[in-house]
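Residue 2 is where the sequence shown starts when you use this note's numbering, and the numbers rise one by one after that.
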Amino acid sequence: MVRVLLCFAGLALLAGCLQQQPNWYEDRCLRLGFKKGSPGFADCIQRDKKWIDDNKDRARTNGAGP
Numbered sequence: 002m003v004r005v006l007l008c009f010a011g012l013a014l015l016a017g018c019l020q021q022q023p024n025w026y027e028d029r030c031l032r033l034g035f036k037k038g039s040p041g042f043a044d045c046i047q048r049d050k051k052w053i054d055d056n057k058d059r060a061r062t063n064g065a066g067p
């Protein structure tokens, strides 16, 4: 019985992981009030991705990143 419950728990976890969950920056843009698919939402995502890339570049330049 315990094995069955563990299998169900594992399947539930797997199903949760496979769903299309928004990234943290998509979630942030949604919380800011942008509607998914709108031009403002796309701009918000683009700004956040640029911010992420700039931080990665800065970390590489300073020798702190991979």
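Here a beta-carbon is modelled for each residue, glycine too, at the ideal position from N, C-alpha and C.
Residue i, buried or exposed, once every other Cβ within 10 Å from all chains shown has been counted against 16
i, result
"Gln45", "The sequence shown places Cys at residue 45, rather than the Gln named in the question. Classification of Cys45: buried, given that the 10 Å Cβ count is 16 or more."
"Cys30", "buried"
Between the segment 36-53 and the segment 21-28, are three or more C-beta pairs nearer than 8 Å? Yes: at least three Cβ pairs fall under 8 Å.
In chain order, what are the residue ranges of uninterrupted alpha helix (DSSP H) at least 4 long that sit wholly in the segment 33-67? 40-62
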